[in-house]
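Reading through the C-alpha cells given below for one structure.
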Amino acid sequence: MPQKQQIRKPKITEKAKGAAKRFLDARRGKPAGKIAPAKIAPAPKEKPIRLPVRPAGGPVRPARGSPRAKAALTENEKKIESLIRRGRDRGFITYSEIVNAFPHIEEDIPLLEELYQRFEETNVEVIETRDLLETEEVKGKGKKEARPETEADASDSVQMYLREIGRIPLINADMEKELARKIEKGDQEAREKLAQANLRLVVSIAKRYVGRAPHLSLLDLIQEGNLGLFKAVEKFDYRRGFKFSTYATWWIRQAITRALADQARTIRIPVHMVETISKYQQVKRRLLQDLGREPLPEEIAAEMGLEIEKIHHIAKISQETVSLESPVGEDDEDSVLGEFIVDDKTLSPAQSAARRVLREQMISIINDLTPREQKILRMRFGLDDGITHTLEEVGREFGVTRERIRQIEAKAIERMRSHGLVRKLESY
C-alpha cells in the first residue's frame, strides 16, 4: 500500500547515517569515529550483495521482489513499529533492544540507516550502552544469538542507571596502570575514576544472576557487585600484568554469590554449605541422566566421596521453605497450605479421653496416701501445675533434708504399686 511504501523508504539524513555508523562501531568493539565506512564489494547482479561485516555462515538477504523478501519486509515493519512505540512511551531506546529485535542488523546497513531515520523523525533517543550489546557467537559458525531482553522489562530506575553509566567513557590498559599508580599514592579521584569506568562490567555480570533469589532484584545484585568492584580497586596490583577487568571479575562474582548465599533463603545457610549443596544438586542431576531414575543416597555419597549420613543432612537442609499461608489451588482462594498439614502435637479425641481417665484413676490412688505423701508426689511430678520440683526444693517446703524427702517419695510410690487399682493402669 502507498502509505506503507512511503514509510519503508524515507529520505535518509546525514545525522541518521552518522548514528548508524556509531552503532556499527559499537557492535564491532572499536572506538567511534576511527573506522572507515564499510565498502560494499562489487558482485554480479544475479547474486545478493555480501557486506564485509557479515560473519561466515550468516544469513543471505533474499532477492528483491521475491515472496521471502516481501515477508521479511512486513516482519521488519512490525519490529520497527514496536521499537518506535516503546521509545515513544519512555523517550528513548537502548542498543540492546535494537539488537534483540534485529540480531543481524549490522549486515543490512540500509535497514539500519532507515531505522535511525525513523527514530529521528519520532524524536526517540538511542542510548549507547556498548557493553550490554554483545551477543554470543556460535563456535565454528559465527552465528549470533540475541540476548534476552531484560532492559525492556526492567524498572525505570534500572533504565536511568544504565543510561547514566553508559555516558562514562571507557579506559584502556595504559590508563588503568596510570590510575593504579595514583591510587597507591592515595589519590581518591583516581580511585573513583577507575571504579566508574568499570560499572558496566558489574551490570553485565549481575545480569547472569537474575532470578537466583526472589528477594534480590537486578538493582540489588548490581549494588552488591559494586561493593566487590570497590574491593578490587583497593587491591589491584598492576605490576602482575593483568587487566583490571580480569581481576575485578572475581571480586564482583564473589560479592554477588556471597549476597545470594546470605539473603536468598529465609533461613540463612553458611557459604561453604551453599557450595556443598550446589555440588550435591549437580551430582544428583548427572546421575539422574546417566541412570534414567532418581539416584539413591548411597550412589550420591559414593560419587561425592561423602558418608551417607552427610548426604541425608545435605538433602534435608537444601529444602526450600514454604509459607503455611500459601494459597492452594486456583479456584478456591480461601484455602491455604496450613489447613492440609497434620498437626502431630495436637492429641486426638481418643488420646485426650484416655489421658483424662488415666488422670482420674491416678488421683483416686494418690488420695489413699497421707496428705504429706500426696503433696510431696504432687510437687515432685508436677501433678497440679505441671512444674516439677527438685528434692532440695521440696525439702525446704517441709523443713527436712532432701534425703528424707527421697525416702518418703520411695515409700509412697511403693504403696501405690500395691494398690488394687494399679492393674487397671497397665493398659496405659
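Residue numbers (UniProt numbering): 1 to 428. Positions of the beta carbon are idealized from the N, C-alpha and C atoms, including for glycine.
- Residues V202 of the same chain have their beta carbon placed closer than 6 Å to that of N226, with the five preceding and five following residues left out of the count.
- Under a 10 Å Cβ-count criterion, W251 is classified as buried, with 16 or more other Cβ atoms of the shown protein chains found around its own Cβ.
- Measuring C-alpha to C-alpha distances from S204 to each of L219, V400, H215 and A213 identifies L219 as the nearest.
- For V99, the uninterrupted alpha helix (DSSP H) segment begins and ends at Y95 to A101.
- Contact between L229 and A195 holds: their C-beta atoms lie close to 6 Å from each other, under 8 Å.
- Cβ contact annotation for V394 (same chain, cutoff 7 Å, sequence separation greater than five): I376, M379, R380 and I405, in chain order.
- Of the candidates H419, R285, I168 and E81, H419 places its Cα closest to the Cα of I365.
- Secondary structure note for V357: its alpha helix (DSSP H) is the uninterrupted segment P349 to I366.
- Looking at the DSSP output, P327 shares a beta bridge with V336.
- Boundaries around V126 are those of the beta strand (DSSP E), E125 to I127, since no alpha helix (DSSP H) includes it.
- For D385, no alpha helix (DSSP H) run applies, since DSSP gives it neither H nor E.
- With fewer than 16 other beta carbons inside 10 angstroms of its own, V422 counts as exposed.
- Using a 10 angstroms sphere on the CB of K193, the tally of other CB atoms reaches 16 or more, which defines it as buried.
- Here I222 is not near A197, since their CB atoms are 9 Å or more apart.
- Here DSSP, grouped into helix, strand and coil, assigns F242 to coil.
- Here F244 really is in contact with E176; their C-beta atoms are around 5 Å apart, less than 8 Å.
- Within the DSSP secondary-structure output, F92 pairs in a beta bridge with E125.
- For the pair A255 and V233, the Cα-to-Cα distance works out to about 14 Å.
- Restricting attention to alpha helix (DSSP H) runs no shorter than 4 residues, the region 176 to 247 encloses them at 188 to 196, 199 to 206 and 218 to 235, ordered along the chain.
- The shortest CA-to-CA distance from K15 to any of V357, Y116 and I408 is the one to Y116.
- Nearest neighbour of L111 by Cα position, chosen from Q188, A19 and S326, turns out to be A19.
- Under the 10 Å beta carbon count, S96 is surrounded by 16 or more other beta carbons and is classified as buried.
- About 15 Å separates the CB atoms of L383 and L425; that is not less than 8 Å, and the two are not in contact.
- P214 has its alpha-carbon roughly 16 Å from the corresponding atom of S318.
- DSSP places Q282 within a helical segment (H, G or I) once states are collapsed to three.
- Per DSSP, the continuous alpha helix (DSSP H) segment holding L391 begins and ends at L391 to F398.
- At the C-beta level, L287 and E303 come within 9 Å of one another.
- With a cutoff of 9 Å on beta-carbon distance, I300 and V283 are scored as near each other.
- For V274, the number of other beta carbons within 10 angstroms of its own is at least 16, and it is reported as buried.
- Sequence-distant partners of E224 (beyond 5 residues in either direction) whose C-beta falls short of 7 Å from its own C-beta, in its chain, are A255, I256 and A259.
- Under the 10 Å beta carbon count, T249 is surrounded by 16 or more other beta carbons and is classified as buried.
- Non-local beta-carbon contacts of R163 in its own chain, meaning distances under 6 Å to residues more than five positions away in sequence, involve I127 in chain order.
- Measuring C-alpha to C-alpha distances from T13 to each of F92, K79 and E113 identifies E113 as the nearest.
- Collapsing the DSSP output to three states places K345 in coil.
- If the five residues before and after V328 are omitted, its C-beta is found closer than 7 Å to the C-beta atoms of S335, V336, L337 and F340, all from its own chain and listed in chain order.
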